[in-house]
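Below: one structure, written as structure tokens.
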Ligand code: DAH
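Numbering (my numbering), first residue to last: 90 to 429.
As structure tokens, then:
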């Protein structure tokens with residue numbers, strides 16, 4: 090049996106050596122090592138070998154299998170490498186031909202606005218802070234001076250997970266997280282998804298995006314807020330854009346204002362985008378209600394703050410003159426292509 094094994098091995102080595110293609114090697118593998126291959130046949134004879142010789146013969150057969158298998162693998166690998174090298178040598182590659190960029194995608198318009206906002210505020214020394222979509226009633230309402238039975242909650246009905254855990258209705262919740270963790274001076278920027286129980290229409294969606302800023306420092310006044318707003322609308326909508334403030338009410342600011350921008354499309358003359366008023370409602374803002382600062386042990390004789398929160402869809406629609414919010418979500422490639 091030993092002689093048979095030796096012959097089998099010699100045969101195999103001989104054939105492997107002569108093989109010129111991977112296909113031939115594959116066939117040699119099947120012929121010798123396959124389930125019905127010659128080595129398997131030889132294995133069957135092991136049962137006739139005297140018991141004391143079995144371990145030795147077993148080892149010889151195994152060694153033979155390993156040797157054949159190893160050589161076949163080695164030669165196959167070498168052939169693959171040669172093939173690849175030959176292919177590379179024979180292919181001309183002109184690295185100076187311009188790349189075709191016809192079908193290159195773009196960032197979604199909402200993401201583009203988010204990046205612009207982030208760029209604007211980070212350059213002015215704001216720190217970006219992440220918030221969470223799932224919030225507790227405390228951070229979303231209570232700590233922002235909106236107690237349980239406050240009428241301001243009506244406009245911000247949301248999706249409740251439990252009585253106490255909900256999907257945040259605004260990014261203002263990040264103001265409280267920031268005040269809990271950091272002492273003034275504070276310049277915080279945050280953005281993300283927000284949720285409300287709203288039917289989808291041209292200006293509403295149950296999921297939308299907001300950004301928020303909070304500034305707390307010495308000598309912060311309404312003038313700082315207005316200056317920031319003016320810079321920011323010019324950056325977003327163009328140098329000629331003006332800002333108008335109107336009195337408003339938010340429980341977390343005192344005084345509260347709503348900011349409008351002069352319509353970037355018609356320059357204030359009146360057009361369908363601004364509903365012929367020349368102005369477009371932009372966002373809510375104000376001086377941080379001192380109660381909130383005091384609740385976080387901030388001395389309001391020394392420090393004051395302003396805050397601002399805005400819908401990113403709205404800013405995006407104004408930037409591109411899109412009149413229906415749903416256009417932004419429908420993945421209409423023809424439309425998205427135009428919004429670069
Ligand atoms: N959170 C408000 C909303 O979603 C917007 C807002 C108003 C944010 C005034 C503020 C603020 O930071 O000071 O309607």
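Yeah, the Cβ is synthetic: ideal placement off N, Cα and C, and Gly gets one too.
Here the structure is a predicted model, which means the values were calculated and not measured.
- Minimum Cα-Cα distance from residue 226 among the listed residues 172, 249, 244 corresponds to 249.
- In the three-state DSSP reduction, residue 189 falls in the coil class, being neither helix nor strand.
- If you look at residue 93, you'll find it isn't in any beta strand (DSSP E); it sits in the alpha helix (DSSP H) that goes 91-107.
- Judged by DSSP in its simplified three-state form, residue 344 adopts strand.
- Taking 7 angstroms as the cut-off, the C-beta of residue 232 does not count as close to any heavy atom of ligand 1.
- Runs of beta strand (DSSP E) with 3 or more residues, each lying fully within the segment 280-307, are found at 296-307, listed in chain order.
- Judged by beta-carbon spacing, residue 377 lies within the 8 angstroms limit of residue 342, meaning their Cβ atoms are closer than that value.
- In the DSSP assignment, residue 129 falls within the alpha helix (DSSP H) that extends over 127-133.
- In this chain, the beta strand (DSSP E) harbouring residue 376 covers 368-377.
- Distance from residue 205 to residue 280 at the Cβ level is roughly 11 angstroms; contact not present, criterion being Cβ atoms closer than 8 angstroms.
- Residue 261 is a Cβ neighbour of residue 301, given a cutoff of 8 angstroms.
- The C-beta separation of residue 135 from residue 128 comes to about 11 angstroms, leaving the pair out of contact by the 8 angstroms criterion.
- For residue 272, the secondary structure class from DSSP, reduced to helix, strand or coil, is coil.
- Not one heavy atom of ligand 1 sits closer than 7 angstroms to the Cβ of residue 393.
- Counting of Cβ neighbours within 10 angstroms places residue 412 among the exposed residues, the total staying below 16.
- Residue 121: member of the alpha helix (DSSP H) spanning 111-122, first to last residue.
- Between residue 198 and residue 425, the C-beta spacing is below 8 angstroms.
- Taking C-beta atoms under 8 angstroms as the contact rule, residue 306 and residue 392 qualify, at a distance of about 7 angstroms.
- Going by DSSP, residue 219 is part of no beta strand (DSSP E) at all; its letter is neither H nor E.
- According to the DSSP assignment, residue 254 belongs to the beta strand (DSSP E) that extends over 254-256.
- The alpha-carbon of residue 384 is positioned some 10 angstroms away from that of residue 269.
- Relative to ligand 1, even the nearest heavy atom lies 7 angstroms or more away from the CB of residue 224.
- In this structure residue 422 is exposed. Its beta-carbon is surrounded by fewer than 16 other beta-carbon atoms within 10 angstroms.
- For residue 328, the three-state secondary structure derived from DSSP is coil.
- A distance criterion of 7 angstroms places the beta-carbon of residue 374 in contact range of ligand 1, judged by its closest non-hydrogen atom.
- Under the Cβ criterion (8 angstroms, minimum of three pairs), the segment 346-357 counts as touching the segment 319-330.
- Distance check between residue 273 and each of 232, 387, 337, 358 places 387 closest, using alpha-carbon atoms only.
- Burial is judged here by how many other beta carbons sit within 10 angstroms of a residue's own beta carbon; residue 277 has at least 16 and is buried.
- Contact annotation: residue 202 and residue 381 have beta-carbon atoms that are not nearer than 8 angstroms.
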